[in-house]
Every structure is written in C-alpha cells, then in structure tokens.
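Accompanying notes for the structure given below.
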Amino acid sequence: MCTSFKQELLVGSHNFTNSSGDTFKLALYDNSATFTAATTAYTSSNEVSNSGSYTAGGGALTNVTPTTSGTTALTDFADKTYTSATITARGALIYNTTTGAGSGTTDTVVVLDFGSNKSSTSGDFQVVFPTADASSAIIRIA
Numbered sequence: 002m003c004t005s006f007k008q009e010l011l012v013g014s015h016n017f018t019n020s021s022g023d024t025f026k027l028a029l030y031d032n033s034a035t036f037t038a039a040t041t042a043y044t045s046s047n048e049v050s051n052s053g054s055y056t057a058g059g060g061a062l063t064n065v066t067p068t069t070s071g072t073t074a075l076t077d078f079a080d081k082t083y084t085s086a087t088i089t090a091r092g093a094l095i096y097n098t099t100t101g102a103g104s105g106t107t108d109t110v111v112v113l114d115f116g117s118n119k120s121s122t123s124g125d126f127q128v129v130f131p132t133a134d135a136s137s138a139i140i141r142i143a
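Taking the numbering used here, I'd label the letters of the sequence shown as residues 2 to 143.
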C-alpha cells in the first residue's frame, strides 16, 4: 500500500463501495519502472504500450464492497483482463481516478510487483487478484 493512500484513508478520500464508490484503474508497467510505497500518483513513464484493449492509463477495475473478517477490514477487485493484447509487464499501479480523492485524480493506492515479467501475445493479459479474505485480500487493514 502506498503511504499517501494510508493518510488519505484517514481523511475519507477513497470510497470502495461497488455501486456508488470511486473509480479505480489498473495501469501496467515494464521492468524499467521504479515504484515504491512513496509513489503518490499515476504516471505514464514506463507504462506498457497500447495493445488490444489496453490503453494508456490502464483499465477501470470493478470494486468489491469492503467488508470485515474478524478484526481485519478488507476490499478487493474483480480480476482484470486486457483482450487481444501483446504486453510484457513487470508490475502495475492501482490508482483512484475520482475527482476529489486525495489531492487529485490519479492518487495511487497500491504498487504491484509481479516478481518477473509477465507476457501475452495477441491474447488475454489477465491480472488475477488474491482471495478476498483477511489474510490475502489486495487491500486489508488489520
């Protein structure tokens, strides 16, 4: 989780509710991208090229309304697939595109590192999110 996102949560800048919440996007990056928890905003620097259904800025995610499990609050997203795409990506940014979130319309939420390059050739490039539970959800606060 990005440090700025943690602070923005405390001032109510992000709404993950499925039907009425903010819009979050997933942008893909090549292995030259260098993101850390200090990353605060979407950037096109080192973003993968447009291909198939992937366009600059990435694609909108489908929110899973936040819930709790024991003493952990969590939220998740539906898996994201870019179709007919030739992509090689090393990681991604999840960011909020809703006006009024944080300081702007590109506030980062999470930096993802795939651990190695992942590729598709004229096919589906899919990002599969972990199980939405207290120990695995992509966003969880314990």
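Here a beta-carbon is modelled for each residue, glycine too, at the ideal position from N, C-alpha and C.
Between Asn-51 and Ala-57, the CB-CB gap stays under 8 Å. In its chain, beyond the 5 residues on either side, Ala-42, Tyr-43, Tyr-96 have a beta carbon closer than 6 Å to the beta carbon of Thr-107. Residue Met-2 holds the alpha-carbon nearest to the alpha-carbon of Thr-37 among Met-2, Ser-45, Leu-75, Thr-89. Between the C-alpha atoms of Val-111 and Arg-141 there is a straight-line separation of about 11 Å.
In the three-state scheme derived from DSSP, where H, G and I count as helix and E and B as strand, Ser-45 is classed as coil. Within the same chain, Cβ atoms closer than 6 Å to the Cβ of Thr-73 are found at Ala-135, Arg-141, Ala-143, the five residues on either side in sequence being excluded. In this structure, the CA atom of Gly-13 is about 19 Å from the CA atom of Lys-26. Look at Ser-20 here: in three-state DSSP terms it is coil, with no helix or strand label. A check of alpha carbon separations from Phe-78 across Leu-10, Gln-127, Ala-39 identifies Gln-127 as the nearest. Nearest in C-alpha terms to Ser-121, of all of Thr-109, Ala-93, Asp-114, Ser-85, is Ser-85.
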